[in-house]
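Participant: Just dropping this structure here.
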Amino acid sequence: MSAVRDNVSRGRPYAVVGARHGKPDALDAMAGLAKYADDIALPRMLHAKILRSPHAHARIRSIDTSAAEAMEGVHAVVVGAEMPTRYGVIPWTPDEQALAADKVRYVGDGVAAVAAVSEDIAIAACKRIVVDYEVLTPLTTPEAALAHPENKIHEANKHGNITKQVQLAFGDVDAQLANADLVIEGHYGFHGSTHAALEPHCSVAHVDGRGLLTVWSATQVPHYLHRELAKVLEVPTHKIRVIQPQVGGAFGGKSEPFDLEFVAAKLAMKTGRPVKCLYTREEVFLAHRGRHPFEMDYKTGFAEDGKILAVDAKSILDGGAYSSFGLVTTYYSGQLLGSPYVFDSYRFDSTRVYTNKPACGPKRGHGSVQPRFAIEVQLDKAARALDIDPIELRRRNFVGENTTTINEFHIGSSGFLECLDLVEQASTWKARHGKLPRGRGLGVAGSTYISGTNYCIYPTDLPQSGVQICLDRSGRVRVFAGTSDIGQGSSTMLAVVAAEELGVHLDDVRVVAADSDLCPVDLGAYSSRITLMAGNACLSAARDLAGKVRQAVAKKWLCQKRDVILADRRAQRLDDPDVWMDITEAFILAEVEFGTMGSTGSYQTPREDVHGEYRGGTIGASPAYSFTAHIAEVSVDEETGDVRVENIWCAHDCGRALSPVLVEGQIEGSVYMGFGETVMEHHHVMPSGLRTDGKRRDSGPGKEGLLAHSSLLDYRMPTTLDTPNLFAGIVEKPDPRGPFGAKEAGEGPLHSVIPAICNAIFDAVGVRVDELPVTPAKILAGLRAQRSGGA
Amino acid sequence: MLRLPPFALHQPTTVAEAVATLKEFAPDVRVISGGTDLLPNMKLAQTKVSHLVSAKFLDELHGITRTDTHVRIGAATSLQTLAEDEDVRELLPALAYAASRIASPQIRQMGTLGGNISLDTRCRYINQSELWREALGGCLKSHGSECHVVPGGQGCVAALSADTVAPLIAYGAVAEMASVLGPRRAPVQELFQQDGTWHVRIAREELLVAIEIPIPAPQTRVAYRKWSVRQSIDFPLVSVAVRLDVADDVLTGGLVVVSALGPRPRVLTLERLAGSAIDESLAEALGQMVHERARPLPNLPYDAEYRRERMVVEVRRAVRVLAGLPERPLPVPR
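Going down the list, the protein sequences come from chains A and B. Sequential numbering of the first sequence, starting at -17, is according to the working numbering. Sequential numbering of the second sequence, starting at 28, is according to the working numbering.
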């Protein structure tokens, strides 16, 4: 059945939008035909390897590269002093260097790199580079880093090892806490986890005869890479071309520039030959930028009816060695705490601290997954204490639609109540909650996420997204966009929007994406922004062209433009379906009428858009918010402490599902990822926790700060056998700000799975795991405390 | 990506040719039979070796044969074949089950019984990259002189991590080796020594040819239990086999074999419990026995205290299964 008829039969007004299509490019990836960065092989290409620090914290006294340079097959060596410019994805916190010039700040910090005719020679040459280090005391926990402000990880930092502190208050928290019928206090620990995308980072660089530097890289932010390359390499942006080839997953782990991109480019400039640099899996773990470990102290006041009166949240964020997106993370830790609920008052105090570990950054659900865990468990505790059904308690606190939150963010559409209804029904909650045998339990949680941010990372009035569309006498549509398809399907999304408007099939649309020489700028695949922003830009460009095509056809048919519709490879009379022509013919008419057919569209946050009128009030402000609810069902083995997650039901309000199959894929992928970091995954740095007696090892230099697991064998992600049954339910509450009403779907569905699992564990056996990850040992400890009357 | 260092690959077609090659290059030689453990270790420069002798084309090392008294398994028989073989499943179910729980389907296709027995020991301080081990300052098995598992320890305590070893010992299996000096036989139980740097007592000049297992008496019951965080892929964090010899519904003898401790499995005999009924109290008694006499070390990448608790539970569950009881006690009512 064609997409049109499928949609029509279900009463939908669209031909392509909402149809159950796949990704046009999926088969290439499945068949091994897709070309990733590492598939690029250029004539005379050299291979680069980066020498990394074995010390967590040390000053570099000197680097002697002479022995490496003397090796046969070595073409160039580069050190940090050759690229000293400090950069950072957030322009306010430039604290990174392409290679460490003066100091190393974690085990794995790059100090030098070699380009050689083979990777083996490059590796051997790295071993011949002599680095003289003055080893400094490493600070591997936030407590240690805060206790020793004199031992600065970054000398230029103003306040010891604090990278950012945000304190914001809304309403009278103290008075509301004093009035509350119930105050729940809790301490929550959220461990670090990483993205673990299948494809390791890889970059290839080449300088052509005209002096144009081309960098191919496995990135999700080609535009920021472009800017930072220009800054660090001191090459004007028009002399750099950045191309993002097929990317094998990113999840936030490729959302800023990394050492290998600068290294490949610099070595290509030095040698005049193409240079490739490919990470090992260990290097991916070291590059990290994953989920920040949080220590959170929450105090929440409730009225007798379950209404949230006040939230007082304190968080310490373990930032690792560099700022990365940390400024934003620190704001998000509190700014995104409220919705989907209404808080009468709240305040947060979040402090991000430098430590001598791989830098943390944005991982799917950036900065708001950790606080979401804390608040949703707080709500569960309150529901128990007040004897209110936990779903009902959440309904009573619903933030509402077309409203403004206490921290002054505008909420447009919200399908949160529908999400709760859907998971309640799908899980047969009413029939089973509270009636299951001991050892089996159900837990619920809800969440919100942004669909892009109203304000760009760097201050600008330029568009956040640009799309250019051309069509011609072949009947084919070409879409050019700077967007990064990292597997989430952003190129499919653009094709859907263009096909819908221009009346062609998905296969008729060629999307050319993420090539800075060919495509208009898009800021990249982060903060779940592309569908809303690039989608709107694409819609605007496509509507412009569709108007011209309809006008040309109307001229031929001697009718009004509004009487011509484009759908299913046809131009057709609205009032007489028997009058139609092939879409190619329509495009030819338009080309005759208007000349070569092209248009552009752009998206910039509407000027009238609201944001909080206070410092930081722009961070977290989004054009539209998605909503999610999860229910988890677990069984707990009380002899072993094993938690088996049996089922997870997720309902997600994405506004409008442009591609329902892809939305379901995002929901399933998000739930899987959140489930994995709840029960297994842990980006864990030595020594804390390694000794079973809890004592710190008497460590010599270099021992502290080692990753406890730097392979995919030891960094345990769930296999198919471990993964529960997943239910992915789509709720559509179209938001006027999204293209066809669409909001985000890539990150929101992760958040509340974590507290839903923990709440289900409590329902099953009465044990609270407030320190993630959930382990059998913690369950057994909780059961013991329970038996001895301690809990 | 990690690079595989260069090596010479020898592909003999007869055992005589194989052992001559081993003799020629020993000790700088290893047998490769699947390579799913050896090659990653070479990539990490944990194993440094110049010559590999492939077992792939040695017909004598392939296949499973059954006589009236024994099952003989060629050392190069794949783990998948072992897991699926009807004779093994019927006569040695705990071995078939152990093989089926190794790694993943792809690795079981490649990996072999001989390779699993000869699997290198594992430790959180050794199964790491060169950068990592350099940052650590090495260890007894790498380039250093300090043990990070047992501070002050003089011997490497990296853990034997082969799933098949515990059930093979429980079944009383015997290994057959070949070398230029001729054949040699040794019980699998005696194949391992308390030295994690190299724990298998098969000389570099020797080739593991086959494993011979006596067909158990009808009254003998053997169970294997593995615990790892994931249901697939992982090496065992707890690995136990329990053998109960039974006559007239009472215990006459048996073994508890605990692996994944240090370099050598711990073998506990059950003679002193002879006469016990096969019931929950036996499960408790064996659990208590391993709790007292076997202690997991903080060598594998998981909390050692929990592994100890888990080991006890897995022994209890093995006994329950062999006793025909439910594996798990019924939950306490709400």
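Glycine included, C-beta positions come from ideal geometry on N, C-alpha and C. This one's a predicted model, so the numbers in the text were calculated from it and none came from an experiment.
Rank A:Asp331, A:Val86 and A:Pro6 by C-alpha distance to the C-alpha of A:Glu137 and give the top, closest one.
Facilitator: Sequence index remark: in the first sequence, residue 137 of chain A carries index 155 (1-based). Out of A:Asp331, A:Val86 and A:Pro6, A:Val86 has the C-alpha closest to the C-alpha of A:Glu137.
Participant: Does the stretch 347 to 358 of chain B touch the stretch 299 to 316 of chain B, meaning 3 or more C-beta pairs lie closer than 8 Å?
Facilitator: The stretch 299 to 316 of chain B, when compared against the stretch 347 to 358 of chain B, does touch it at the 8 Å Cβ threshold.
Participant: For the putative contact between A:Ala162 and A:Phe284, defined by C-beta atoms under 8 Å, what is the C-beta separation to the nearest angstrom?
Facilitator: Within the first sequence, numbered from 1, the residue matching residue 162 of chain A stands at position 180. Within the first sequence, numbered from 1, the residue matching residue 284 of chain A stands at position 302. The pair is a contact, with the Cβ atoms about 6 Å apart (cut-off 8 Å).
Participant: Of all the residues that make up the stretch 63 to 82 of chain A, which are near chain B by a beta-carbon distance shorter than 8 Å?
Facilitator: Answer in chain order: no residues at all.
Participant: Would you mind telling me which residues of chain B sit closer than 9 Å to A:Lys774, beta carbon to beta carbon, in chain order?
Facilitator: An answer regarding residue 774 of chain A cannot be provided, because it is not within the stretch -17 to 773 covered by chain A.
Participant: Answer yes or no: does any C-beta atom of chain A fall closer than 9 Å to that of B:Asn154?
Facilitator: Here residue 154 of chain B corresponds to residue number 127 of the second sequence, with the count starting at 1. For B:Asn154, the answer is yes, since a Cβ of chain A falls inside 9 Å of its Cβ.
Participant: For A:Glu663, return the contacting residues in chain B, with the cut-off set at a CB-CB distance below 7 Å.
Facilitator: Against the first sequence, residue 663 of chain A aligns to sequence position 681. Those within 7 Å of A:Glu663 in chain B number zero; the least Cβ separation is about 10 Å.
Participant: Does any residue of chain A bring its CB to less than 9 Å from the CB of B:Arg135?
Facilitator: The residue given as residue 135 of chain B occupies position 108 in the second sequence. Output row for B:Arg135: interface = no.
Participant: Give me the residue from A:Pro372, A:Gly234 and A:Ala269 with the minimum Cα distance to A:Ala742.
Facilitator: Translated into positions along the first sequence, residue 742 of chain A becomes position 760. That would be A:Pro372, whose Cα lies nearest to the Cα of A:Ala742.
Participant: When the cut-off is 9 Å and only beta carbons count, does B:Asp261 lie next to chain A?
Facilitator: One-based indexing of the second sequence puts residue 261 of chain B at position 234. Output row for B:Asp261: interface = yes.
Participant: I'd like to know whether the C-beta atoms of A:Gly0 and A:Thr430 end up nearer to each other than 9 Å.
Facilitator: As a position in the first sequence, residue 0 of chain A is number 18, starting the count at 1. As a position in the first sequence, residue 430 of chain A is number 448, starting the count at 1. In this structure, A:Thr430 does not lie closer than 9 Å to A:Gly0 by Cβ.
Participant: In its own chain, which residues sit with a C-beta less than 7 Å from the C-beta of A:Ala408, not counting the 5 before and 5 after it?
Facilitator: Position 426 of the first sequence, counting from 1, holds the residue named residue 408 of chain A. Only Trp631, Phe709 and Gly711 meet the Cβ criterion.
Participant: Strictly by DSSP, which residues pair up with B:Phe219?
Facilitator: Position 192 of the second sequence holds residue 219 of chain B. Paired residue(s): B:Val227.
Participant: Given that A:Arg271 touches chain B, what residues does it touch there, using C-beta distances under 8 Å?
Facilitator: If you number the first sequence from 1, residue 271 of chain A lands on position 289. By Cβ distance, chain B contributes nothing, its closest Cβ being about 19 Å from A:Arg271, past 8 Å.
Participant: Whole alpha helix (DSSP H) runs in the stretch 200 to 283 of chain A with 4 or more residues, listed along the chain?
Facilitator: Those alpha helix (DSSP H) runs which fall completely within the stretch 200 to 283 of chain A and span 4+ residues are 204 to 215, 241 to 253 and 263 to 269.
Participant: Look up A:Pro372 in the DSSP assignment and say whether it is helix, strand or coil.
Facilitator: Walking along the first sequence from the start, residue 372 of chain A turns up at place 390. Residue state, collapsed to three classes: helix.
Participant: Taking C-beta to C-beta, are A:His665 and A:Ser305 nearer than 9 Å?
Facilitator: Stepping through the first sequence from its first residue, residue 665 of chain A is reached at position 683. Stepping through the first sequence from its first residue, residue 305 of chain A is reached at position 323. Result no, Cβ atoms of A:His665 and A:Ser305 do not sit closer than 9 Å.
Participant: What residues in its chain sit with their C-beta under 6 Å from that of B:Pro194, if we drop five residues either side in the sequence?
Facilitator: On the second sequence, residue 194 of chain B is found 167 positions in, with the first residue counted as 1. Excluding positions up to five away in sequence, the list reads Ala121, Leu122, Ala125, Tyr251 and Ala268.
Participant: Mind checking which residues open and close the beta strand (DSSP E) that includes A:Ala724?
Facilitator: Position 742 of the first sequence, counted from the first residue, corresponds to residue 724 of chain A. Looking at the DSSP string, A:Ala724 is not in any beta strand (DSSP E), and its letter there is neither H nor E.
Participant: Could you check whether A:Phe152 and A:Tyr328 sit closer than 9 Å to each other, using their CB atoms as the reference points?
Facilitator: As a working note, residue 328 of chain A is residue 346 in the first sequence. As a working note, residue 152 of chain A is residue 170 in the first sequence. Their beta carbons are under 9 Å apart, which means A:Tyr328 touches A:Phe152 by this criterion.
Participant: Helix or strand or just coil, what does DSSP make of A:Glu350?
Facilitator: What you label residue 350 of chain A is simply residue 368 of the first sequence in a count that begins at 1. Rather than Glu, the amino acid found at residue 350 of chain A in this sequence is Ser. It is coil, neither helix nor strand.
Participant: How many angstroms separate the CA atom of A:Gly723 from the CA atom of A:Ile432?
Facilitator: Locating residue 723 of chain A in the first sequence gives position 741, where the first residue counts as 1. Locating residue 432 of chain A in the first sequence gives position 450, where the first residue counts as 1. Cα to Cα, the separation comes out at about 14 Å.
Participant: Give the secondary structure of A:Cys541 by DSSP, where H, G and I count as helix, E and B as strand, and everything else as coil.
Facilitator: Working through the first sequence from its first residue, we reach residue 541 of chain A at position 559. Note: A:Cys541 maps to coil in three-state DSSP.
Participant: If you draw a straight line from the alpha carbon of A:Asp680 to that of B:Gly179, how long is it in whole angstroms?
Facilitator: To locate residue 680 of chain A, count along the first sequence from 1; it is residue 698. To locate residue 179 of chain B, count along the second sequence from 1; it is residue 152. Unreliable placement is indicated for A:Asp680, whose pLDDT of 43 sits below 50; no coordinate value is reported for it.
Participant: So which residues of chain B does A:Asp619 contact, with C-beta pairs closer than 8 Å?
Facilitator: Along the first sequence, read from residue 1 onward, the residue named residue 619 of chain A stands at position 637. Within 8 Å Cβ-Cβ: Arg355.
Participant: Quick check on DSSP: helix, strand or coil for A:Val(-1)?
Facilitator: The sequence position of residue -1 of chain A within the first sequence is 17, counting from 1. If DSSP states are grouped into helix, strand and coil, A:Val(-1) belongs with coil.
Participant: Taking only the alpha-carbon atoms, compute the straight-line gap between A:Val61 and A:Ile32 and give it to the nearest angstrom.
Facilitator: Here residue 61 of chain A refers to the residue found at position 79 when the first sequence is read from its first residue. Here residue 32 of chain A refers to the residue found at position 50 when the first sequence is read from its first residue. Going by the C-alpha atoms only, they are around 10 Å apart.
Participant: Would you give the residue range spanned by the beta strand (DSSP E) that A:Val625 belongs to?
Facilitator: Locating residue 625 of chain A in the first sequence gives position 643, where the first residue counts as 1. Taken as a continuous stretch (DSSP letters only), the beta strand (DSSP E) holding A:Val625 covers Val625 to Asp635.
Participant: Where in the stretch 503 to 551 of chain A do unbroken runs of the beta strand (DSSP E), each at least 3 residues long, occur, reported from the N-terminal end onward?
Facilitator: List check, beta strand (DSSP E) in window: 546 to 549.
Participant: With 16 as the cutoff for other CB atoms within 10 Å, does B:Trp159 come out buried or exposed?
Facilitator: Position 132 of the second sequence holds residue 159 of chain B. Buried, by the Cβ-count rule.
Participant: What residues from the stretch 277 to 300 of chain B come within 7 Å of chain A, judged by C-beta to C-beta, listed N to C?
Facilitator: Flagged: no residues at all.
Participant: Given 8 Å as the limit, is there contact between the stretch 90 to 101 of chain A and the stretch 21 to 35 of chain A, that is, 3 or more CB pairs closer than that?
Facilitator: These segments touch.
Participant: So, does the stretch 11 to 26 of chain A touch the stretch 211 to 220 of chain A, judging by three or more C-beta pairs under 8 Å?
Facilitator: Contact fails: fewer than three Cβ-Cβ distances are below 8 Å.
Participant: So, does the CB of B:Leu29 fall closer than 9 Å to a CB anywhere in chain A?
Facilitator: For this step, residue 29 of chain B is matched to residue 2 along the second sequence. By this cut-off, B:Leu29 is an interface position.
Participant: Is any beta-carbon of chain A found at less than 9 Å from that of B:Arg252?
Facilitator: Taking the first residue of the second sequence as 1, we reach residue 252 of chain B at position 225. Closer than 9 Å: no.
Participant: Give a yes or no on whether 9 Å exceeds the smallest Cβ distance from A:Asp680 to chain B.
Facilitator: If you number the first sequence from 1, residue 680 of chain A lands on position 698. Note that A:Asp680 scores a pLDDT of 43, beneath 50, so its modelled location is shaky; the value from the coordinates is reported in the next line. Closer than 9 Å to some Cβ of chain B, the Cβ of A:Asp680 qualifies, so yes.
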